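Undergrad:
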Amino acid sequence: FVLDLARQRGELSRVILGTDSPAGSGVQPLGILRTLTMLASLGGIAPEVAFCLASGNTARVRGLDDRGLIEVGRAADLIFMDQAIGGAGDGLLDSVALGNLPGIGMVVIDGVVRTGRSRNTPPAMRVPEVLAA
Numbered sequence: 064f065v066l067d068l069a070r071q072r073g074e075l076s077r078v079i080l081g082t083d084s085p086a087g088s089g090v091q092p093l094g095i096l097r098t099l100t101m102l103a104s105l106g107g108i109a110p111e112v113a114f115c116l117a118s119g120n121t122a123r124v125r126g127l128d129d130r131g132l133i134e135v136g137r138a139a140d141l142i143f144m145d146q147a148i149g150g151a152g153d154g155l156l157d158s159v160a161l162g163n164l165p166g167i168g169m170v171v172i173d174g175v176v177r178t179g180r181s182r183n184t185p186p187a188m189r190v191p192e193v194l195a196a
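Structural data, given as structure tokens:
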């Protein structure tokens, strides 16, 4: 209902994503990815818009002015992901639109590679490679 109302009013910029993690069953590491995948596959939201709801919109509303967008002067916090190996679809966005979780290949925080392949997601079809530091 809320998503439909925001879409009808042209106010998707007011929609943010969050989870109740940590929850009673423990930390839900894929909570946001699952939520945006469900929005893209069941909620009629384009996958790229779902990613924006989870990143730029949320950072803006939470007052994280240096995060959430890729832009000069902002923090270099990036998640590199691709279609998961064996996932349906033709590429990352198509796969997410079909309800598949993406595979995370690398996480960069403050411009530094913090981790490679995620242990919590299926493996990504293409894994990023750092060519120079």
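Just so you know, we're using the working numbering here: the sequence shown kicks off at 64 and counts up by one. Heads up, the beta-carbon is just placed ideally off N, CA and C, and yes, glycines get one too. Since we're looking at a predicted model, the values are computed, not measured.
Taking the alpha helix (DSSP H) that L102 falls in, what are its first and last residues?
TA: G94 to L105 is the extent of the alpha helix (DSSP H) around L102.
Undergrad: Report the residue ranges of all beta strand (DSSP E) runs contained in full by the region 162-190; include only those spanning at least 3 residues, in chain order.
TA: 166-172 and 175-178
Undergrad: Taking the alpha-carbon positions, what's the T184 to D67 distance?
TA: 29 angstroms
Undergrad: Distance check for F114 and T100, CA to CA, integer angstroms please.
TA: 9 angstroms
Undergrad: In terms of residues, what are the limits of the alpha helix (DSSP H) holding L141?
TA: Note, L141: premise wrong, no alpha helix (DSSP H); beta strand (DSSP E) at L141 to D145.
Undergrad: What did DSSP end up calling D67 once you bin it into helix, strand or coil?
TA: In this structure, D67 counts as helix in the three-state DSSP scheme.
Undergrad: Under 8 angstroms by Cβ, that's how I've got L164 and A147 pegged, so tell me the actual separation to the nearest angstrom.
TA: 6 angstroms
Undergrad: Using 8 angstroms as the cut-off, classify the Cβ of R137 as near or not near the heavy atoms of the ligand ATP, replying yes or no.
TA: In the structure on display, the ligand ATP does not appear, and there are no ligands present to speak of.
Undergrad: I'd like to know if the region 163-178 and the region 126-144 are in contact, where contact means that at least 3 CB-CB pairs between them fall below 8 angstroms.
TA: Touching, yes, given that three or more Cβ pairs across the two stretches are closer than 8 angstroms.
Undergrad: Leaving out five residues on either side along the sequence, give the residues of the same chain with a beta carbon under 6 angstroms from the beta carbon of T178.
TA: V170
Undergrad: In three-state terms, what does DSSP make of L80?
TA: coil
Undergrad: Quick one: what does DSSP say V135 is sitting in, helix, strand or coil?
TA: coil
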